[in-house]
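Participant: In this note's numbering, the protein residues as written are 99 to 519.
Positions of the beta carbon are idealized from the N, C-alpha and C atoms, including for glycine.
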Amino acid sequence: MTTIIPSPRSVLLRAFHTAVQGGHPARALQGAVLPVCGGRTVILSAGKAAIGMAQMVRARVEGPVSGVVIARQSELPQSIQDLTVLGSTHPVPGQASVQAGKAALYAVQDLGPDDLLLCLISGGASSLMCAPWGVTLKHKVHLTEKLLRCGATIHEINAVRKHLSHLKGGRLAARAFPARVVSLIVSDVVGDDLSVIASGPTAPDPSTYGDALEVLDRYGIVAPEVRIHLERGHQGEWPETPKPGDPIFEHVENRVIAGGSAALRAAAGDLQAQGWQTQIWQEGVTGDARRAAADHAHAASDLPPGAALLSGGETTTVVRRDGGLGGRNLEFLLSLALEAPGIYALAADTDGTDGSSPAAGAVITPDTLERAWSLGLDARKYLDRSDAHTFFERLGDLVFTGPTGTNVNDFRCILRASAGS
99 MTTIIPSPRS VLLRAFHTAV QGGHPARALQ GAVLPVCGGR TVILSAGKAA
149 IGMAQMVRAR VEGPVSGVVI ARQSELPQSI QDLTVLGSTH PVPGQASVQA
199 GKAALYAVQD LGPDDLLLCL ISGGASSLMC APWGVTLKHK VHLTEKLLRC
249 GATIHEINAV RKHLSHLKGG RLAARAFPAR VVSLIVSDVV GDDLSVIASG
299 PTAPDPSTYG DALEVLDRYG IVAPEVRIHL ERGHQGEWPE TPKPGDPIFE
349 HVENRVIAGG SAALRAAAGD LQAQGWQTQI WQEGVTGDAR RAAADHAHAA
399 SDLPPGAALL SGGETTTVVR RDGGLGGRNL EFLLSLALEA PGIYALAADT
449 DGTDGSSPAA GAVITPDTLE RAWSLGLDAR KYLDRSDAHT FFERLGDLVF
499 TGPTGTNVND FRCILRASAG S
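#1: Relative to the C-alpha of tyrosine 480, which candidate in Val196, Val131, Ser433 and Thr463 has its C-alpha closest?
#2: How long is the line joining the alpha carbons of leucine 270 and glycine 185, rounded to whole angstroms?
#3: Straight-line CA distance for valine 109 to leucine 369?
#4: Between the Cα of serine 220 and the Cα atoms of Arg316, Ala405, Ala148 and Glu412, which residue gives the shortest distance?
#5: Roughly how many angstroms lie between the CA atoms of threonine 499 and valine 159, to the nearest whole one?
#6: Can you tell me whether glycine 308 is helix, strand or coil according to DSSP?
#7: Taking only three categories from DSSP, how would you classify valine 163?
#8: Pull the bridge partners of cysteine 248 from the DSSP assignment, please.
#9: Under 8 Å by Cβ, that's how I've got threonine 339 and glycine 385 pegged, so tell me the actual separation to the nearest angstrom.
#10: Buried or exposed: which applies to glutamate 429, given that a residue is buried once 16 or more other Cβ atoms fall within 10 Å of its Cβ?
#11: Using a Cβ-Cβ cut-off of 8 Å (strictly less than) and excluding sequence neighbours within five positions of methionine 99, which residues of its own chain qualify?
#12: Starting from the Cα of glycine 318, find the closest Cα among His122, Ser195, Cys248 and Val196 and give me that residue.
#13: Using 8 Å as the threshold, is the C-beta distance between leucine 216 and valine 206 below it?
#14: Counting along the chain, where does the beta strand (DSSP E) carrying asparagine 427 start and finish?
#15: Counting C-beta neighbours from all protein chains within 10 Å, is the total for glutamate 335 16 or more, i.e. buried, or is it exposed?
#16: Output the distance between the C-alpha atoms of aspartate 309 and glutamate 468, rounded to the nearest integer angstrom.
#17: Beta-carbon separation of aspartate 452 and asparagine 427 under 8 Å?
#18: Name the two residues that bound the continuous alpha helix (DSSP H) containing aspartate 482.
#19: Jot down the residue ranges of each uninterrupted alpha helix (DSSP H) in the stretch 322-354, minimum 4 residues, whole runs only, in chain order.
#20: When DSSP labels each residue in this structure, what does serine 399 get in the three-state scheme?
#21: Please state whether the Cβ-Cβ distance between valine 140 and glycine 161 is less than 8 Å.
#22: Would you call the stretch 217-237 and the stretch 323-333 in contact, with 3 or more CB pairs under 8 Å?
#23: Touching or not, the stretch 353-367 and the stretch 222-231, by the rule of three or more beta carbon pairs under 8 Å?
#24: Return the CA-CA distance between leucine 314 and alanine 144, expressed in angstroms with no decimal places.
#25: Do threonine 300 and glycine 343 come within 8 Å of each other at the CB atom, strictly closer than that value?
#26: Whole angstroms is fine: what's the gap from serine 246's alpha carbon to isoleucine 178's?
#27: For valine 196 and proline 402, I'd like the C-alpha separation in whole angstroms.
#28: Mind checking glutamate 254: buried by the 16 CB within 10 Å criterion, or exposed?
#29: How many Å lie between proline 189 and glutamate 243 at the Cα?
#30: Residues in its own chain within less than 6 Å of glutamine 171 by CB, not counting five upstream and five downstream?
#31: Which word fits alanine 157, buried or exposed, when buried means at least 16 other C-beta atoms lie within 10 angstroms of its C-beta?
#32: Roughly how many angstroms separate the alpha carbons of serine 293 and phenylalanine 509, rounded to a whole number?
#33: Return yes when the Cβ of alanine 438 is within less than 8 Å of the Cβ of alanine 395, no when it is not.
#34: DSSP three-state call for leucine 142: helix, strand or coil?
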């Protein structure tokens, strides 16, 4: 009998699929204990996993139920019993985001101490559920675009957004008081910081107006209307976001049910079962994507044949020229191809979309640069104009999944194939 050995490319794609399933809320919710209450249950599901989470939870909740599900426009139409399903925009908020934010605020008003607000939160909710405060939507859109392009971290971005919102930074929990609040959370943040995931709508916020102003200064962001609002808050004219120790959080439980660690463990287990010597190198890679590529190239130089190296986390990119397509994973891979020729690798976003690219990520092979050169593609030029998507599209190496129903950071896998693979 002939044994068919999977190609390294197919191994990479299988590892990514396994990681996505390992970090999927459907798996986590199967064993989750759901709260019960003696009054009304309001379900608020928002983020890139909103629809799947709401469907599973609604099927298990008894008694009077109402609520709102806020998902990406591309995932509609959907219908869930007793719940209003709304489409919204990501990664930059739009008018649909504002309508979704209003619906969320309306859903939690007038709750009593016997009622339950059951929040199902996943990454992306910050943009999908928007309730601007002190600035217009136009100002908030321009600010979000600048923050995304300058290389700011998610902690920095959300420190600003939380102080321009009626919902974020624990303010949703304040709106729901005195009801009991339970949030089941799919984490897309390194370290599972509850105050940062989806801008922490039901979590205490340790950041301040002063912190938000420092972010604008750090990246040289000019946004006069935003600065005026933040400065007035810093001077005490506006109330701060609810802080740790605030009595409203005595009735709040925030529970992370899925994250990047589970995704990496699932992929590692599957690779080991296939005979690969597998190492989870780092679970929480952060910082510039190009710097991360250099670090991974150095780590990969020590890999023996038949070995796999995995990492998670979320890097950042700086858009260096307008008009290009791609996100942090595609930039990471293009940098890695230049830093470490001779390896196979995949990098992709577990939500199915990498930045401005419609692809989840891409694959590189030992002959990536050779194939590019034969097509007249200069990898360095594509990298310098922030257009990694077009580079990998021309090579046929993009990875497409569509919306995956989860969002648990990025997944990276490097293989050092054995001879003959």
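Facilitator: A quick look at the data gives this:
#1: Taking the sequence shown and counting its residues from 1, the one referred to as residue 480 is at position 382. Of the listed residues, the one whose Cα sits closest to tyrosine 480 is Ser433.
#2: Taking the first residue of the sequence shown as position 1, residue 270 is located at position 172. Taking the first residue of the sequence shown as position 1, residue 185 is located at position 87. So the two alpha carbons sit approximately 20 Å from each other.
#3: If you number the sequence shown from 1, residue 109 lands on position 11. If you number the sequence shown from 1, residue 369 lands on position 271. For valine 109 and leucine 369, the distance between alpha carbons rounds to 8 Å.
#4: Walking along the sequence shown from the start, residue 220 turns up at place 122. Of the candidates Arg316, Ala405, Ala148 and Glu412, the one whose C-alpha sits nearest the C-alpha of serine 220 is Ala148.
#5: Here residue 499 is taken as the residue at index 401 of the sequence shown, counted from 1. Here residue 159 is taken as the residue at index 61 of the sequence shown, counted from 1. Computed Cα separation, rounded: 31 Å.
#6: Locating residue 308 in the sequence shown gives position 210, counting from the first residue. The answer is helix: DSSP assigns glycine 308 an H, G or I state.
#7: Numbered from 1 along the sequence shown, position 65 holds the residue referred to as residue 163. Valine 163: strand per DSSP, three-state reduction.
#8: Taking the sequence shown and counting its residues from 1, the one referred to as residue 248 is at position 150. Cysteine 248 is not bridged to any residue.
#9: Residue numbering aside, residue 339 sits at position 241 when the sequence shown is read from its first letter. Residue numbering aside, residue 385 sits at position 287 when the sequence shown is read from its first letter. Rounded, the Cβ-Cβ distance is 27 Å, inconsistent with contact.
#10: The residue given as residue 429 occupies position 331 in the sequence shown. Buried.
#11: Residue numbering aside, residue 99 sits at position 1 when the sequence shown is read from its first letter. Bear in mind that a pLDDT of 47 at methionine 99, under 50, signals an unreliable position, so the number given afterwards is only what the model happens to contain. Correct list: empty, nothing qualifies.
#12: For the purposes of this step, residue 318 is taken as residue 220 along the sequence shown, with counting starting at 1. That would be Cys248, whose Cα lies nearest to the Cα of glycine 318.
#13: Indexing the sequence shown from 1 puts residue 216 at position 118. Indexing the sequence shown from 1 puts residue 206 at position 108. Against a cut-off of 8 Å, the Cβ pair of valine 206 and leucine 216 comes out as no contact.
#14: The residue given as residue 427 occupies position 329 in the sequence shown. Per DSSP, asparagine 427 belongs to no beta strand (DSSP E); it is in the alpha helix (DSSP H), 426-437.
#15: By one-based count along the sequence shown, residue 335 stands at place 237. Glutamate 335 comes out exposed.
#16: Here residue 309 refers to the residue found at position 211 when the sequence shown is read from its first residue. Here residue 468 refers to the residue found at position 370 when the sequence shown is read from its first residue. Taking the straight line joining both Cα atoms gives about 47 Å.
#17: Numbered from its first residue, the sequence shown carries residue 452 at position 354. Numbered from its first residue, the sequence shown carries residue 427 at position 329. Cβ atoms of aspartate 452 and asparagine 427: closer than 8 Å.
#18: For the purposes of this step, residue 482 is identified with residue 384 of the sequence shown, where counting begins at 1. Segment 477-482, the alpha helix (DSSP H) holding aspartate 482.
#19: 322-332
#20: If you number the sequence shown from 1, residue 399 lands on position 301. It is coil, neither helix nor strand.
#21: Walking along the sequence shown from the start, residue 140 turns up at place 42. Walking along the sequence shown from the start, residue 161 turns up at place 63. Taking 8 Å as the Cβ cut-off, valine 140 and glycine 161 do not qualify as a contacting pair.
#22: yes
#23: no
#24: Counting from one through the sequence shown, the residue named residue 314 turns up at place 216. Counting from one through the sequence shown, the residue named residue 144 turns up at place 46. Between leucine 314 and alanine 144, the C-alpha separation is close to 27 Å.
#25: In the sequence shown, the residue the question calls residue 343 occupies position 245. In the sequence shown, the residue the question calls residue 300 occupies position 202. No; because the gap between Cβ atoms is not below 8 Å, this pair is not in contact.
#26: Numbered from 1 along the sequence shown, position 148 holds the residue referred to as residue 246. Numbered from 1 along the sequence shown, position 80 holds the residue referred to as residue 178. In the sequence as displayed, the identity of residue 246 is leucine instead of serine. Near 33 Å, if we compare the C-alpha coordinates of isoleucine 178 and leucine 246.
#27: Along the sequence shown, read from residue 1 onward, the residue named residue 196 stands at position 98. Along the sequence shown, read from residue 1 onward, the residue named residue 402 stands at position 304. If I take the Cα positions, the gap works out to 52 Å.
#28: Numbered from its first residue, the sequence shown carries residue 254 at position 156. Answer is buried; the Cβ neighbour count reaches 16.
#29: Stepping through the sequence shown from its first residue, residue 189 is reached at position 91. Stepping through the sequence shown from its first residue, residue 243 is reached at position 145. Roughly 9 Å separates the two Cα atoms.
#30: Start at 1 with the first residue of the sequence shown, and residue 171 comes out as number 73. Around glutamine 171: Gly185.
#31: In the sequence shown, counting from the first residue as 1, residue 157 sits at position 59. Classification of alanine 157: exposed, given that the 10 Å Cβ count is below 16.
#32: Mapped onto the sequence shown, residue 293 falls at position 195. Mapped onto the sequence shown, residue 509 falls at position 411. Using only the alpha carbons, I get a separation of about 23 Å.
#33: Translated into positions along the sequence shown, residue 395 becomes position 297. Translated into positions along the sequence shown, residue 438 becomes position 340. Yes, these two residues count as a Cβ contact at 8 Å.
#34: The residue labelled residue 142 in the question sits at position 44 within the sequence shown. Strand, per DSSP.
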